[in-house]
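What follows is a single structure, written as structure tokens, with notes after it.
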Amino acid sequence: NMVFSETEKESAVNMPQTVNNYYGNTSVINSPSDNVQIVSGSENTVTFSYDKVKDVVDAVEKSISESDLSKEDIETATELLADIKLKIEEEKKPHILKSALVGLKDFLINTGAGVTAGVIQAKMQGLF
Numbered sequence: 420n421m422v423f424s425e426t427e428k429e430s431a432v433n434m435p436q437t438v439n440n441y442y443g444n445t446s447v448i449n450s451p452s453d454n455v456q457i458v459s460g461s462e463n464t465v466t467f468s469y470d471k472v473k474d475v476v477d478a479v480e481k482s483i484s485e486s487d488l489s490k491e492d493i494e495t496a497t498e499l500l501a502d503i504k505l506k507i508e509e510e511k512k513p514h515i516l517k518s519a520l521v522g523l524k525d526f527l528i529n530t531g532a533g534v535t536a537g538v539i540q541a542k543m544q545g546l547f
């Protein structure tokens, strides 16, 4: 049997416990049940806007042009953006677009363009 002090118990209750699932981060344990919505007996629907993804691409493109990346890194990022634009035009499935944006974000992080990678991360919230 394990025994915990009151301080340890309070600390555990106050520690956020997040589950990352398909629908995004969800605080499951120790969270208040205010504003919880339970839907029963309906089909799951997901709305997706290709225009919003285009807005993300435009913002990233602008951020890349304002960054201090090397010419070679800018060319690579531009190629990745062109590929993403093509996927948008072809209306590929959202998870394919998300993977492409995450790949671009990872590339930008590795090149030191953290600000631009942050733009991708911030703009992707709620899209997928």
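Sequential numbering of the sequence shown, starting at 420, is according to our numbering.
For every residue, glycine included, the Cβ atom is placed at its ideal position computed from N, Cα and C.
Bear in mind the structure is a predicted one, so any value in this text is a computation, not a measurement.
Using a Cβ distance threshold of 9 Å, Lys-504 and Lys-524 do not count as a contacting pair. By the Cβ neighbour-count rule, Thr-535 is buried, with 16 or more other Cβ atoms within 10 Å of its own. Counted as a single uninterrupted DSSP element, the stretch harbouring Glu-510 is not any alpha helix (DSSP H), since DSSP gives it neither H nor E.
Annotation: the continuous alpha helix (DSSP H) that includes Met-543 extends over 533–543. Around Gly-522, the same chain offers Leu-499 as residues with beta carbons nearer than 8 Å, after the five sequence neighbours per side are excluded.
For the pair Ile-539 and Lys-490, the Cα-to-Cα distance works out to about 20 Å. In the structure shown, the three-state DSSP call for Glu-494 is helix. In the DSSP assignment, Ser-484 falls within the alpha helix (DSSP H) that extends over 469–484. Here Lys-481 is exposed: its Cβ has fewer than 16 other Cβ atoms, across all protein chains shown, within 10 Å.
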